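**Q** Right, I'll just put the structure down here and ask away after.
Numbering (the working numbering), first residue to last: 900 to 1114.
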């Protein structure tokens, strides 16, 4: 049997559009989507509408949950919060462990969140480049195996999108995958291997970032 693992990066974030937001934000490392990011999330949802996705997993950061929620509403599916898909907890970017909304708080905002789901993989601040790739790769393998043969969607961040893809297809993803905002990676299980079919597709978007930022 085959299986498809879709991996999407979150849509555009508010602090990319308005850098001054960071200066007064209550949770400065957990920005929401920008207005155009909300549009991108809807475009991603329309792109995935016809796909046979059985489960949606999202990093618990607000921007990934917002992106996943657009898809979940379109597909009428719950969202499972998975910390293994979290942002790269890079001490160069973040002076302390990022503060996020709690799962109950997120569930009040996004009722499609499945509060009974327990995250499979932890993410611990601070992280090296190698650690985020290892963690997100382990997460992708774990979820693909546990929910096989159903097709799944992982909504993550630049570094964790790349790490998740590498966890399935190996080093080829390092050079092939382009994890731009709201892009889509498609990995297909054809026993005994995984095949990379989409490497960061943005054909569903009307606006595409010119320079890929991983922060």
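Glycine included, each C-beta is placed from N, C-alpha and C at the ideal position. Source: prediction; values computed, not measured.
1. When we look at the beta-carbon of residue 994 and count the other beta-carbons within 10 Å, is it buried (16 or more) or exposed?
2. Taking the DSSP output, what are the residues bridged to residue 956?
3. With distances taken Cα to Cα, identify the nearest neighbour of residue 1085 among 1071, 1033 and 1064.
4. Would residue 1061 be called buried (16 or more neighbouring beta carbons within 10 Å of its own) or exposed?
5. Verify whether the separation of the beta carbon atoms of residue 1046 and residue 953 is less than 8 Å.
6. Tell me which residue opens and which closes the alpha helix (DSSP H) that residue 1022 is part of.
7. Which whole-angstrom value describes the C-beta separation of residue 940 and residue 969, a residue pair presumed to lie in contact below a C-beta threshold of 8 Å?
8. With a CB to CB cut of under 6 Å and the five nearest residues on each side skipped, what residues in its chain are close to residue 904?
9. State the DSSP-derived secondary structure class of residue 1085, mapped to helix, strand or coil.
10. Kindly identify the DSSP beta-bridge partner or partners of residue 1100.
11. Hey, residue 957 and residue 986: beta-carbon distance below 8 Å or not?
12. Quick one: what's got a C-beta closer than 6 Å to residue 1096's C-beta in the same chain, skipping five residues either side?
13. Report the CB separation of residue 1055 from residue 984 in whole angstroms; it is logged as a contact under 8 Å.
14. Between the alpha carbons of residue 1073 and residue 1034, how many angstroms are there, rounded?
15. Helix, strand or coil, according to DSSP, for residue 905 in the structure here?
16. List the endpoints of the continuous alpha helix (DSSP H) containing residue 915.
17. Out of curiosity, what's the CA-to-CA distance linking residue 923 and residue 1031?
18. Do you know offhand how far residue 931's Cα is from residue 1040's?
19. DSSP state of residue 932, grouped into three classes?
**A** Result, derived from the coordinates:
1. Within the chain shown, the letter at position 95 stands for residue 994. Flag for residue 994 reads exposed.
2. Taking the first residue of the chain shown as position 1, residue 956 is located at position 57. Residue 956 is bridged by DSSP to 979 and 1053.
3. Here the question's residue 1085 lines up with position 186 in the chain shown. Looking at the Cα atoms, 1064 is the closest of the given residues.
4. Within the chain shown, residue 1061 is the residue found at index 162, counting from 1. Looking at its Cβ environment, which holds 16 or more other Cβ atoms inside 10 Å, residue 1061 is buried.
5. The residue labelled residue 1046 in the question sits at position 147 within the chain shown. The residue labelled residue 953 in the question sits at position 54 within the chain shown. Yes, these two residues count as a Cβ contact at 8 Å.
6. What you label residue 1022 is simply residue 123 of the chain shown in a count that begins at 1. From DSSP, residue 1022 is part of no alpha helix (DSSP H); its letter is neither H nor E.
7. One-based indexing of the chain shown puts residue 940 at position 41. One-based indexing of the chain shown puts residue 969 at position 70. Right, the Cβ-Cβ distance comes to about 4 Å (below 8 Å), so this counts as a contact.
8. Residue numbering aside, residue 904 sits at position 5 when the chain shown is read from its first letter. 1043, 1051 and 1086, listed in sequence order.
9. Along the chain shown, one-based indexing puts residue 1085 at 186. Of the three classes helix, strand and coil, the one that applies to residue 1085 here is strand, per DSSP.
10. Position 201 of the chain shown, counted from the first residue, corresponds to residue 1100. For residue 1100, which the question treats as bridged, DSSP gives the partners 1083.
11. Locating residue 957 in the chain shown gives position 58, counting from the first residue. Locating residue 986 in the chain shown gives position 87, counting from the first residue. No, these two residues do not count as a Cβ contact at 8 Å.
12. Here residue 1096 is taken as the residue at index 197 of the chain shown, counted from 1. The residues are 1085 and 1087.
13. Locating residue 1055 in the chain shown gives position 156, where the first residue counts as 1. Locating residue 984 in the chain shown gives position 85, where the first residue counts as 1. Between residue 1055 and residue 984 the beta-carbon gap is near 4 Å, inside 8 Å, which marks them as a contact.
14. Within the chain shown, the letter at position 174 stands for residue 1073. Within the chain shown, the letter at position 135 stands for residue 1034. One C-alpha to the other measures close to 15 Å.
15. Counting from one through the chain shown, the residue named residue 905 turns up at place 6. The answer is strand: DSSP assigns residue 905 an E or B state.
16. Position 16 of the chain shown holds residue 915. 913-916 is the span of the alpha helix (DSSP H), which, as asked, contains residue 915.
17. Start at 1 with the first residue of the chain shown, and residue 923 comes out as number 24. Start at 1 with the first residue of the chain shown, and residue 1031 comes out as number 132. Residue 1031 has its alpha-carbon roughly 28 Å from the corresponding atom of residue 923.
18. If you number the chain shown from 1, residue 931 lands on position 32. If you number the chain shown from 1, residue 1040 lands on position 141. Their backbone Cα atoms lie some 28 Å apart in a straight line.
19. What you label residue 932 is simply residue 33 of the chain shown in a count that begins at 1. Secondary structure of residue 932 (DSSP, three-state): strand.
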